[in-house]
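S.K.: Numbering of the sequence shown is given in the working numbering, commencing with residue 3 and proceeding in unit increments.
To start, I am sharing the structure in question, which I have written as structure tokens.
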Amino acid sequence: MERAHTLTIQKTCDKDFIRRVEEASEQEVSKCYQCGNCSASCNYTYVYDYPVNQIMRLIQLGQKDIVLRSRSVWLCAACQACTTRCPCNIDVACVMEALRVMSREENTVSLKDVQMFYDEFLKSVKTFGRVFETGLLPVYNLKAMKPFGDMDLAPKVLQKGKLHFLPSRIKGRKHIAEIFERFEEQGKKKQEPREVNEPSHSQ
């Protein structure tokens, strides 16, 4: 990804972006003073295009396009190491999750395979009440056009009893599906156009 040019930051500043991120994540990103603990704690910094502390700073600078198109947002594993070590008590992992949601809403997802895995993961949870890995991975691999991905690991994992041929029958599966349905219903309501009442003109 092309790096941000410091001389053009003022031209691309979206002053409303930090407010939107703080509202979505319920975190005060403006408190971040760039100590770097989050980036030092992150195991995936080496594959990020922007380290976590730079993502936080770019939010403060209103760089919506750069942040929402970054690889870092989608490579974050939400391990909470950054959150645990933040001296400002900012839930950085929660901020990254909010950015993923915003990235999807803005249609700026940089890593489509990761988004696809998220979708299939949630479908599996909705259907079975928990992730059914044996069903999830083949479906994801087919949709990602790599049908034999990780096939070499399957025998070893099956031998150790880590994968099962049938999904577990857990209690409350119906209730978990209902949570998804309520959430999807709320999403549909948000997308519905609001009716605008035109002012009546007296003759």
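Just so you know, even glycine gets a beta-carbon here, dropped at the ideal spot from N, CA and C.
Because the structure is a prediction, the values reported are computed rather than measured.
1. Going residue by residue through the segment 148–195, where are the continuous alpha helix (DSSP H) segments of at least 4 residues, counting only ones entirely within it?
2. Below 6 Å CB to CB, which residues in the same chain sit around A80 once its five sequence neighbours on both sides are set aside?
3. How big is the Cα-Cα spacing for M104 and F19?
4. Check whether the Cβ atoms of V97 and V31 sit closer than 8 Å, and answer yes or no.
5. Please determine if the segment 103–117 and the segment 64–80 are in contact, where contact requires at least 3 C-beta pairs separated by less than 8 Å.
6. Between which two residues does the alpha helix (DSSP H) holding F123 run?
7. Tell me the rounded alpha-carbon separation between T129 and K176.
8. In whole angstroms, what is the alpha-carbon distance linking T1 and F167?
9. Rounding to the nearest angstrom, what Cα-Cα distance links E28 and V54 in this structure?
10. With a cut-off of 8 Å, do at least 3 Cβ pairs link the segment 141–159 to the segment 181–193?
11. Ignore the nearest five residues each way along the sequence and tell me which others in Y46's own chain have a CB closer than 6 Å to its CB.
12. Taking the alpha-carbon positions, what's the V75 to P157 distance?
13. Please list the terminal residues of the continuous alpha helix (DSSP H) segment that includes I61.
14. Under three-state DSSP, which class holds K13?
15. In terms of residues, what are the limits of the alpha helix (DSSP H) holding V31?
16. How would you write the range of the alpha helix (DSSP H) that D67 sits in, first residue to last?
M.R.: Answer, in terms of the structure:
1. 156–161, 175–193
2. A95
3. 10 Å
4. yes
5. Judged by Cβ distances under 8 Å, the segment 103–117 makes contact with the segment 64–80, as three or more pairs qualify.
6. 114–130
7. Cα-Cα distance, rounded: 9 Å.
8. Within the shown structure, residues of the chain are numbered from 3 to 205, placing residue 1 beyond reach of any answer.
9. 18 Å
10. Touching, no, given that fewer than three Cβ pairs across the two stretches are closer than 8 Å.
11. L77
12. 33 Å
13. For I61, the enclosing alpha helix (DSSP H) starts and ends at 54–62.
14. coil
15. That residue, V31, is in no alpha helix (DSSP H); it is neither H nor E in DSSP.
16. That run of the alpha helix (DSSP H) goes 66–70.
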